[in-house]
Every structure is written in structure tokens, then in C-alpha cells.
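>
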Amino acid sequence: MDSVLRALAMYLALMVLFKIAGRRSLAELTTFDFVLLMIIGEATQQALLGDDFSLTNAFLVIITLIAVDVGFSLLKQRSSWVSRLIDGEPTIIVENGKLLHRRLRHARLVEADVMEAARSSQGIETIDQIKFAIIERNGKISVIRQDPEGG
Amino acid sequence: MKHDADHPDLRSRQFPVQEDMAYQLKVWRFERIGWYLLVLCMLLGLLGLFSRGVLSSQEARSDDGKVQVEYEMFHRNGSTNPLKLSVHTAPEATVELDIGGEMLDGFRSKPCSRPRCVCAAQNRVCACGCRLMPRARRRSM
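Protein sequence lines, in the order shown, are assigned to chains W and A.
Going by this note's numbering, the first residue of the first sequence is number 1, and it counts up by one from there.
Going by this note's numbering, the first residue of the second sequence is number 152, and it counts up by one from there.
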């Protein structure tokens, strides 16, 4: 019984923690983020398994985690409210070549982050060439290029 | 925050995505307040609210100063903490230490792995505890 409860508690705790960290926190994985993620995994492992290293316990924990995950995705499909709560919404940060500074500040982003995404995804050189840049729900920045004749 | 929400940057756009900036501002506020809470937890953890630290480590002494206990005020479920009992007595003497049942409630103690219980038959009141008989050693100081 306790392994199911452990897994549930850990799932919910991690979900809240990563909501606090924001959608951007692990969207672009740097080498350091990757190491950080592994350390978090190590710290979680002990609490998830306790002192029971049996195969049954491991299966129970994995089954619980996947079941909760699938459960949430079903719930998200049914209710847009839950979906918005868990996944959030996309946010526009560049509009017609202009940075929306207030939004950037709230999202803890700087212009360099936007330009990095613009260069890597669209080969864009200056901010004027961006029609829209949007922080997607998964934290990645997607960039829409300005029409050549329009700007 | 009211002033902030009126800023043209923070008005909801309908194209290319449908936005609800009032909600997004709430999400950002949640992230900020959450961060404060995380830092608070970190500081409290450093201070020892979650066991092992200034707030948690305590020391008690009997009136005559012969018995001294170092213990943690807060414990973690499933974790181990030392409880250090110091008794001052004559060298080579054997000390009898009775540990009451309440103390063992909710804890598993290595030296008291099987506490003994004495029950009074008439009123079914039981008292559990364990008796330790350590031998005093000469302190090399």
C-alpha cells in the first residue's frame, strides 16, 4: 500500500514543484540541466522505493506513476479547465518585430533567449524579421517569420 | 498589480493564439510566490525545522546534572536519529537506566528492540519499558 501512496505523493509534489519552476525551466536542456535532472532523479528514487528493493515494489511504483499520468491526460481531454491548469497556455512575447517587455520580465526571459530560438529555428538575424514569437505550453519558443513583402 | 494588468503589453491577444492574460498573470504570480516558499523551506531546512539543525537539536539535563540527553525535537518518518544519553557516575560502576514506555511509542530503538511490559491483572493497565545496564568507563581526558 505504501509504495502506491509514495508514488502518488511524489508525482503530485514534483508536479507542483515543476509548476513553480515554470514551463521554461527544463524546456531547453543544457548539459547542466541534464545533470540537475539526474540528481533530482537520484534524490527521488530513495523516497519512492523506501527500503524495499523488490521487483514487485518497483513495478507497483511504475504502474502507479503511469496510471496517474494517463489519468491526468484523460482528465485534460475532458475538461479544458484541468488542461489549462496543468499545461498552461501559449503566450506571445514578440508581436510584429516588437518585444513585449512586460511579458518577458514576468516569464523570466531576455531578448537573447528569443533571438536564440529565432536563429536556430528560422535562421532569423534581427528582431524585425520576427512576426510572432510565442512561448508554447511546453516552454519552447516558437517563431513565425515576417512575410517578405510585408516587412 | 492592477496597474500592471492595464499595460498594453499585458492585454490579451486573439491572434495567432487565443490568450487569457488575466490567467497568465495569475500563473506568473503563483511561480513567484512559489519561489519565495521554496526559499523559505530551504532556510527552515538549514535552521533545522525538518530535523537536524539549531531548531531541532536539543539538550536536557537532570537537576543534579548526572544525566544528560541530547536529542532531536523533530524527527523524519523512516529516518534514523541518534539519542545520546550521558550518565555521570563512578568509574567501573554499572548504571541502571529505565526507559519509559511513552518514550518508545512510535520509535524503534536499537538497544531497546524488545521492550518488556508489566501488566496489572485487575485493571489491565500495562507499563512497558526497557532497562539498560551499561558499565561506566573511565573517561580519558
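Positions of the beta carbon are idealized from the N, C-alpha and C atoms, including for glycine.
#1: Going by other Cβ atoms of all chains shown within 10 Å of its Cβ, with 16 needed for buried, is A/ARG286 buried or exposed?
#2: For the alpha helix (DSSP H) containing W/ASP87, list its first residue and its last residue.
#3: State buried or exposed for W/SER3, treating a residue as buried only when at least 16 other CB atoms are found within 10 Å of its CB.
#4: Count Cβ pairs between the region 101-110 of chain W and the region 121-130 of chain W that sit closer than 8 Å; are there 3 or more?
#5: Can you give the beta carbon distance from A/ARG282 to A/ASP249, rounded, assuming they're within the 8 Å contact cut?
#6: Give a yes or no on whether 8 Å exceeds the smallest Cβ distance from W/ILE40 to chain B.
#7: Does DSSP put A/VAL218 in a helix, in a strand, or in coil?
#8: Quick one: list the residues of chain W neighbouring A/GLN175, beta-carbon separation under 7 Å, in chain order.
#9: Quick check: is the beta carbon of A/ARG227 nearer than 8 Å to any beta carbon in chain W?
#10: Could you name the residues of chain A that W/LEU100 contacts, counting a contact when the two beta carbons are closer than 7 Å?
#11: Between W/GLY151 and chain A, is there a C-beta pair that is closer than 8 Å?
#12: Can you find a CB in chain A that lies within less than 8 Å of the CB of W/PHE132?
#13: Is the shortest distance between the beta-carbon of A/LEU189 and the beta-carbons of chain W less than 8 Å?
#14: Residues of chain W with CB under 9 Å from A/ARG259, in chain order?
#15: By DSSP, does W/LYS140 sit in helix, in strand, or in coil?
#16: Hey, out of W/ASN138, W/LEU5, W/MET1, W/VAL94, whose CA is closest to W/SER83's CA?
#17: Could you tell me if W/ILE62 is buried or exposed, where buried requires 16 or more neighbouring beta carbons within 10 angstroms of its beta carbon?
#18: What do you reckon, are the CB atoms on W/GLU89 and A/GLU170 nearer than 8 Å?
#19: For W/ALA9, is the classification buried or exposed, using 16 other Cβ atoms within 10 angstroms of its Cβ as the cut-off for buried?
#20: What is the DSSP secondary structure of A/GLN209, reduced to helix, strand or coil?
#21: W/LEU75 and W/TYR11 - do their beta-carbons sit closer together than 8 Å?
#22: Which chain A residues are close to W/GLY123, counting only those with a beta carbon under 7 Å from its beta carbon?
#23: Determine whether the beta carbon atoms of W/ILE93 and W/VAL70 lie at a separation below 8 Å.
#24: Please classify A/VAL238: does DSSP put it in a helix, a strand, or coil?
#25: List, from N- to C-terminal side, the beta strand (DSSP E) runs of 3 residues or more that fit wholly inside the region 156-184 of chain A.
#26: Under DSSP, the beta strand (DSSP E) around W/GLU95 begins and ends at which residues?
#27: Please determine, among W/PHE18, W/ARG145, W/ALA58, the residue with the shortest C-alpha to C-alpha distance to W/ASP131.
#28: What residues from chain A crowd round W/ARG103, counting only those whose CB sits closer than 7 Å?
#29: Quick one: what does DSSP say W/GLY151 is sitting in, helix, strand or coil?
In short:
#1: exposed
#2: 80-87
#3: buried
#4: no
#5: 6 Å
#6: Annotation note: the requested chain B is absent from the structure, which comprises protein chains W and A.
#7: strand
#8: GLU89, THR91
#9: no
#10: ASP160
#11: With a pLDDT of 46 at W/GLY151, under the threshold of 50, the modelled position of that residue is not reliable, and the figure given next carries that caveat. It does not: the Cβ of W/GLY151 has no partner Cβ on chain A nearer than 8 Å.
#12: yes
#13: yes
#14: Within chain W, no residue comes near A/ARG259; the closest Cβ sits about 13 Å away, beyond 9 Å.
#15: coil
#16: W/ASN138
#17: exposed
#18: yes
#19: exposed
#20: strand
#21: no
#22: Those do not exist, as W/GLY123 stays about 20 Å from chain A at its closest Cβ, beyond 7 Å.
#23: no
#24: strand
#25: none
#26: 91-95
#27: According to the sequence shown, residue 131 of chain W is Lys rather than Asp. It is W/ARG145 whose Cα lies nearest to the Cα of W/LYS131.
#28: ASP160, LEU161
#29: With a pLDDT of 46 at W/GLY151, under the threshold of 50, the modelled position of this residue cannot be trusted, and the question is left open.
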